[in-house]
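My numbering puts the first residue of the sequence shown at 218, with every later residue one more than the last. Ideal Cβ placement from N, Cα and C applies to all residues, glycine included. Have a look at the structure below, then the notes.
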Amino acid sequence: MTSLVDRYVFTALRRIPEQQRADIDRELRASIEDAVDARVDSGETREAAVESALTELGDPERLADRYAGRPAFLIGPDLFPLWRRLLTTLLWTVLPIVVTVGVVAQILDDPEIGKIIGGAVTGLITVGAHLCFWVTLVFAIIERTGAGKADISARWSLKDLPKYEAHRATLGQLISGVVWATLLIAGLVLQQFTFTDVPVLDPANWAFWWPVLIALLVLRIFYHVWVHRVGGWTRAVAVVNAVLTVAYTVPLVWLMATDRFFNPEFHGFLDVEGADVRSWLSGILVAVLVVGGLWDIVTTAWRAERARRGLPTKIPGTGGYYC
């Protein structure tokens with residue numbers, strides 16, 4: 218049974234720095250002997266006492282990490298929340314931007330559908346893996362070296378507590394909604410009369426569809442002002458938002474699907490030999506419109522329902538919540 222204790226101690230000492238081994242060897246053997254003696258005094262046989270004492274001490278490698286003051290984890294509890302927040306932010310911001318830029322570059326270079334999809338999937342996996350690896354590596358180094366760890370761990374204060382506010386449409390949401398609608402109207406008008414000799418969008422639609430779209434965008438501006446004056450998310454707000462979203466999404470999708478959105482006489486970046494880039498751009502825009510419209514309708518309805526039930530809703534882009 219002495220060999221069992223030796224094997225346990227030797228296994229633990231393998232993970233201990235050499236200059237510490239002699240002291241820990243004596244300390245660990247003494248601790249084991251005391252535990253065995255206590256069990257023998259309580260009536261166990263020495264063989265059973267040794268096995269019970271070693272089992273109670275647990276994995277010798279984990280025990281060695283505790284003796285050496287070395288963490289047995291990649292990222293500890295002090296750094297884990299910050300690591301999670303940073304990685305989540307990067308994956309939701311940097312990753313989509315990089316993948317989108319890659320897809321656009323591939324479309325302009327060689328708009329073959331297989332290459333576009335393959336490039337998007339490859340970019341998603343590659344960039345995502347790099348983000349996860351390098352962020353984790355930096356935090357693992359901080360965990361092991363302790364460099365800056367005290368400052369990071371002590372950074373939290375009461376100011377970091379989430380803010381709980383009444384369900385309301387913020388001033389920032391009003392401004393962003395009005396600005397986006399205004400820019401779309403300006404872009405629609407200016408592309409026809411200012412930027413190019415040949416308009417990008419089909420000028421035939423000025424007979425009906427472009428004025429209708431401008432009118433719907435003006436209604437969208439009034440909608441954002443109304444929501445701000447109402448002061449919150451209600452079922453009426455959700456219904457009006459859904460109606461407006463469908464009103465301008467359906468015609469745009471129809472125009473793109475029937476090849477009536479882009480001006481057939483405009484070439485420029487749409488003129489790529491051997492490829493119908495106009496169709497690919499239309500398909501991508503249709504997907505963006507449909508997904509974006511559904512997202513807007515669902516999130517607005519979700520906010521309205523949670524507001525009605527008095528449940529908190531996270532404020533986008535902040536650490537706060539609506540009550």
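Item	Value
Minimum length 3: unbroken beta strand (DSSP E) runs contained in the stretch 298-352	none
Residue range of the alpha helix (DSSP H) that includes LEU418	No alpha helix (DSSP H) holds LEU418; DSSP gives it neither H nor E.
Per-residue burial, HIS347 [other beta carbons within 10 Å of its own, 16 or more giving buried]	exposed
Other residues of its chain near LEU461: CB distance less than 8 Å, five sequence neighbours each side excluded	LEU433, LEU436, ARG437, TYR440
Nearest to GLN323 (by Cα), restricted to the options LEU307, LEU312, GLY340	GLY340
Buried versus exposed, by CB contacts within 10 Å (16 or more), ALA421	exposed
Beta-carbon proximity of THR466 to GLY404, cut-off 8 Å	no
Simplified DSSP state of PHE483, which is helix, strand or coil	coil
Spatial distance of THR475 from GLY500 (CA atoms)	11 Å
Classification of PRO416 by the beta-carbon crowding that lies within 10 angstroms, buried from 16 upward	buried
Spatially closest choice to LEU299 from TRP443, THR353, GLU522, GLU244, by CA coordinates	THR353
Cβ pair ASP242, LEU230 closer than 8 Å	yes
From SER259, GLU264, GLU261, LEU280, residue whose alpha carbon lies closest to that of GLN233	With the sequence shown as reference, residue 233 is identified as Ile, and Gln is not the correct amino acid for it. Selected option, being the one with the closest Cα: LEU280.
Alpha-carbon spacing of PRO277 relative to ARG256, whole angstroms	20 Å
Straight-line Cα distance separating VAL226 from GLN237	13 Å
Within 8 Å, strictly: CB atoms of LEU469 and LEU506	yes
Sequence-distant residues of the same chain with beta carbon closer than 8 Å to GLN408, five excluded per side	PRO416, VAL417, LEU418
N- and C-terminal bounds of the alpha helix (DSSP H) containing THR466	452-474
C-alpha distance - VAL321 paired with ILE334, whole-angstrom precision	11 Å
Cα-Cα separation between VAL457 and ILE402, rounded to whole angstroms	20 Å
For ASP414, the nearest candidate out of ASN480, ARG301, GLU244 (CA to CA)	ASN480
Bounding residues of the alpha helix (DSSP H) (the contiguous stretch that carries ALA424)	First-last for ALA424: undefined, no H or E at that position.
DSSP-derived helix/strand/coil call for LEU277	A quick correction: the sequence has Pro, not Leu, at residue 277. PRO277 falls in the helix class under three-state DSSP.
Buried or exposed (CB count within 10 angstroms, at least 16 for buried), ILE514	buried
N-terminal and C-terminal residue of the alpha helix (DSSP H) that GLU261 is part of	No alpha helix (DSSP H) holds GLU261; DSSP gives it neither H nor E.
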